[in-house]
Ligand SMILES: Nc1ncnc2c1ncn2[C@@H]1O[C@H](COP(=O)(O)OP(=O)(O)OP(=O)(O)O)[C@@H](O)[C@H]1O
């Protein structure tokens, strides 16, 4: 099987190199009213959380991406281009098919809805306005600790859920009619696929594993359906694909980072992760600009998903076709 990818990150690759090569190039798109997403995909214990979160000393993709978003905002505002920007964030996990707000521990399963313009929304999800990277850092780190983790045979701190950070950049003209454009950036640390012959999971761990494997299976079915571009799109078969629906179909600039573990016992997982990657790479998307044509009737910083009356209307853009960028990152 021939596997093509855009970048290979080996054992010596630094977090900075992963970010610069595979993530930074797609970030400017969200300033033009487009969506972007970065996924870490791969078997349990292969290093997805390490790649996305990193550590205090070696921050991963998420903190680096948010820092870059603020640096782009600063550069645009300095350039006095006549636009102003607001940055908001939401953070959630999908655990056992329940969508939980990581900024509101103990919250109930939240619904996923589609508005009349086919944007995916989560009513009731906390959205926090951010004024700086420092503010993000202060809020994000404690919320990350709310994610469900547990020890398994293959990973002492295994994530039992998919964690999804959503950064929304709204750009509007300083003077009326404002014409706000929203760009969404999804930073997704998927739970790892689990071969329960290796994990020996039982009880609750086995139930979690079933939910994880089922939603990853649905993700691969969506990818397959997008590839052949016909037939039923099984977005509704899992919370993960339903939530990411407007980021898996043709409006998105994506980077898929595949974490693989080179040990022989993982060879089946490695093969299937690379197979998934190959299919993802074949998807051709047609990104479009999300421009809100009517002036919003909500206050700046207020969350339209929480019941405001913004009426977004998508406008087809003229962007050329492009496929997601793919990077392979083996666990060192
Ligand atoms: N490139 C790397 N360099 C150093 N340590 C790493 C690297 N990749 C992973 N690790 C370490 O390996 C362990 C497992 O990694 P991590 O928790 O990121 O895996 P995961 O793919 O997110 O697993 P799960 O799907 O079970 O949550 C952690 O202790 C992590 O710090």
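Residue numbers (this note's numbering): 274 to 605. C-beta atoms are modelled at their ideal positions from N, C-alpha and C, and glycine is treated no differently. Predicted model, so just to flag it, every value in this text is computed and none were measured.
Query, Result
"How long is the line joining the alpha carbons of residue 351 and residue 405, rounded to whole angstroms?", "15 Å"
"Residues in its own chain within less than 8 Å of residue 377 by CB, not counting five upstream and five downstream?", "399"
"Alpha carbon to alpha carbon, what distance is there between residue 375 and residue 286?", "30 Å"
"Spatial neighbours of residue 576 within its chain, please: C-beta separation below 6 Å, excluding the five flanking residues on both sides.", "Low confidence applies to residue 576: its pLDDT is 40, below 50, so where it sits in the model is not reliable enough to give any reading."
"Does the beta-carbon of residue 517 have 16 or more other beta-carbons within 10 angstroms, so that it is buried, or is it exposed?", "buried"
"May I ask you to list the residues that DSSP assigns as paired with residue 382?", "Bridge partners of residue 382: none, in fact."
"Applying the criterion that 16 or more other CB atoms from any shown protein chain within 10 Å of the CB defines a buried residue, is residue 391 buried or exposed?", "exposed"
"Does the distance between the C-beta of residue 266 and the nearest non-hydrogen atom of ligand 1 fall short of 7 Å?", "The displayed coordinates of the chain run from 274 to 605. Any statement about residue 266 would go beyond what the structure contains."
"By DSSP, does residue 454 sit in helix, in strand, or in coil?", "strand"
"Within its chain, find whatever has a CB closer than 8 Å to the CB of residue 383; leave out the 5 residues flanking it on each side and keep chain order.", "365, 372, 373, 374, 395, 396, 397, 398"
"Is it the case that the CB of residue 322 approaches a heavy atom of ligand 1 more closely than 7 Å?", "yes"
"Starting from residue 291, trace the alpha helix (DSSP H) in both directions and tell me its first and last residue.", "288 to 291"
"Taking its Cβ as the centre, do 16 or more other Cβ atoms sit within 10 Å of residue 481, making it buried, or is it exposed?", "buried"
"Going straight from the alpha carbon of residue 541 to that of residue 429, what length do you get?", "21 Å"
"Check whether the Cβ atoms of residue 333 and residue 327 lie closer than 8 Å to each other.", "yes"
"Which value, in whole angstroms, describes the spacing of the CA atoms of residue 446 and residue 433?", "42 Å"
"Between the stretch 408 to 427 and the stretch 545 to 553, can you find at least three pairs of beta-carbon atoms closer than 8 Å?", "no"
"For a test of the three-state rule: what should DSSP assign to residue 357, helix, strand or coil?", "strand"
"Could you compute how far the alpha carbon of residue 288 sits from the alpha carbon of residue 275?", "27 Å"
"Between residue 283 and ligand 1, is the CB less than 7 Å from at least one heavy atom?", "no"
"How should residue 303 be labelled, buried or exposed, when 16 other C-beta atoms within 10 angstroms of its C-beta is the threshold for buried?", "buried"
"Here's a check: name, in chain order, each residue in its chain whose Cβ is nearer than 8 Å to the Cβ of residue 466, leaving out the five neighbours to either side.", "315, 316, 317, 485, 486, 489, 542, 545, 546"
"Just how far apart, CA to CA, sit residue 592 and residue 496?", "Low confidence applies here, because residue 592 scores a pLDDT of 36, under 50, leaving its location unreliable and the question unanswered by this model."
"Give me the DSSP bridge partner(s) of residue 327.", "332"
"Following the continuous alpha helix (DSSP H) through residue 373, name the residue where it begins and the one where it ends.", "That residue, residue 373, is in no alpha helix (DSSP H); its beta strand (DSSP E) goes 371 to 374."
"Which residue marks the beginning of the beta strand (DSSP E) containing residue 313, and which one marks its end?", "308 to 314"
"Going by DSSP, which residues form a beta bridge with residue 401?", "362"
"What separation, rounded to the nearest whole angstrom, lies between the Cα atoms of residue 299 and residue 439?", "15 Å"
"At a cut-off of 7 Å, is residue 484 close to ligand 1 when judged by its beta-carbon and the heavy atoms of the ligand?", "no"
"Note down the Cα distance separating residue 338 from residue 449, rounded to an integer number of angstroms.", "31 Å"
"Which whole-angstrom value is the C-beta distance of residue 460 and residue 325, which I expect to be below 8 Å?", "7 Å"
"Along the beta strand (DSSP E) that carries residue 437, what are the first and last residues, could you check?", "435 to 446"
"Measuring alpha carbon to alpha carbon, tell me which of 305, 388, 367 ends up nearest residue 454.", "305"
"Can you tell me whether residue 281 is buried or exposed, with buried defined as 16 or more other CB within 10 angstroms of its CB?", "exposed"
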